[in-house]
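Residue numbers (my numbering): 11 to 136.
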């Protein structure tokens, strides 16, 4: 990847009594560098989510989702489809301990409560 960077350097009377100097710099960078930068900018990290319901009937998933949101409005929910079932996953937990705390709180309130290790969104800070 080649990119050209124009750089304006302002030297206050240091170089031959001039007040500004314009320079052009060409950078030759490995294309893998851009890939690494993109990875670092990703909004996902390794973590855990809880699966609290799965069914082939979407209305059952929606009902469970609404019930969970009423109990935990600050925890995000995710519905995915893997034929033939819809899966309701909740949370963006960075550690297994965080996921287990919520798992204990909601045990018995939902069909299943299974911890899955997966890529998660960066957790909310509110």
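From the three backbone atoms N, C-alpha and C, an ideal C-beta is built for every residue, glycine too.
Burial state of residue 101 is buried, judged by a 10 Å Cβ sphere holding 16 or more other Cβ atoms.
The beta carbon of residue 68 sits closer than 7 Å to the beta carbons of 96 from its chain, once the five residues preceding and following it are set aside; these are given in chain order. Counting along the chain, the unbroken alpha helix (DSSP H) around residue 81 starts and ends at 68 to 81. DSSP places residue 42 in the helix class (H, G or I) of the three-state scheme. Taking the Cβ atoms as the reference, residue 75 lies roughly 18 Å from residue 128, outside the contact range of under 8 Å.
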